[in-house]
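Participant:
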Amino acid sequence: MPAGTLYRGREGMWSWVAHRVTGVLIFFFLFVHVLDTALVRVSPEAYDDVVATYKTPLVALLEYGLVAAILFHALNGLRVIAVDFWSKGPRYQKQMLWSAVGIWVVLMIGALYPVLGHAVREVFGS
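Numbering (this note's numbering), first residue to last: 101 to 226.
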């Protein structure tokens with residue numbers, strides 16, 4: 101095999117995989133959200149039961165995961181746009197990925213209390 105053609109799976113590959121995985125997770129969330137919202141037309145009582153399960157600490161943790169997926173997908177999507185449409189994008193794609201990850205970490209730390217605060221109070225008391 102000629103030198104320089106063997107892809108070794110570095111940051112670009114992992115960001116590609118993470119972008120696809122987060123996209124699929126967001127799609128499935130939207131699918132379930134449409135289904136549970138449609139349930140109100142079939143049985144308002146069943147809808148109320150489903151919504152009541154959404155107030156549990158486990159679902160709050162899943163919501164935090166959803167926020168993580170959406171934020172990463174959005175930030176990485178902006179990076180992909182920059183790589184595709186900026187002439188120097190491919191040269192700086194690695195630095196842009198680590199910048200996006202850094203911004204993602206800061207935003208996820210900021211989302212801890214708003215998303216998980218209720219669940220923590222429910223588990224450990226006020």
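We put the CB at the ideal spot given by N, CA and C, even for glycine. Treat the numbers as computed from the prediction; the structure is a model and nothing was measured.
Since Leu125 contacts Ala152 with CB under 8 Å, what's their CB separation in whole angstroms?
Facilitator: Their Cβ separation, rounded to whole angstroms, is 24 Å, which puts Leu125 and Ala152 out of contact at 8 Å.
Participant: Less than 7 Å between C-beta atoms, sequence neighbours within five positions excluded: which residues of the same chain meet that for Leu175?
Facilitator: Closer than 7 Å at the Cβ level, and outside the excluded window around Leu175, lie Ala200, Ile203, Trp204.
Participant: Which of helix, strand or coil does DSSP assign to Gly165?
Facilitator: Reduced to three states, the DSSP call for Gly165 is helix.
Participant: Three-state secondary structure (DSSP) at Tyr213?
Facilitator: In the structure shown, Tyr213 sits in a helix (DSSP, three-state: H, G or I).
Participant: Taking the Cβ atom as the reference point for each residue, do Val206 and Ala160 lie within a distance shorter than 8 Å?
Facilitator: No, they are not a contact pair.
Participant: For Trp116, which option in Arg221, Leu130, Phe224, Gln193 has the closest C-alpha, if you only look at C-alpha atoms?
Facilitator: Minimum Cα distance to Trp116 is reached at Gln193.
Participant: So, for Val167: in the same chain, excluding its five sequence neighbours on each side, which residues have a beta-carbon less than 8 Å away from its beta-carbon?
Facilitator: The answer, listed in chain order, is Met208, Ala211, Val215.
Participant: Just to confirm the assignment, what range does the alpha helix (DSSP H) spanning Gly112 have?
Facilitator: Counting along the chain, the alpha helix (DSSP H) containing Gly112 begins and ends at 111–142.
Participant: In this structure, does DSSP put Ser199 in helix, strand or coil?
Facilitator: Helix.
Participant: Report the three-state DSSP secondary structure of Lys155 (helix, strand or coil).
Facilitator: Coil.
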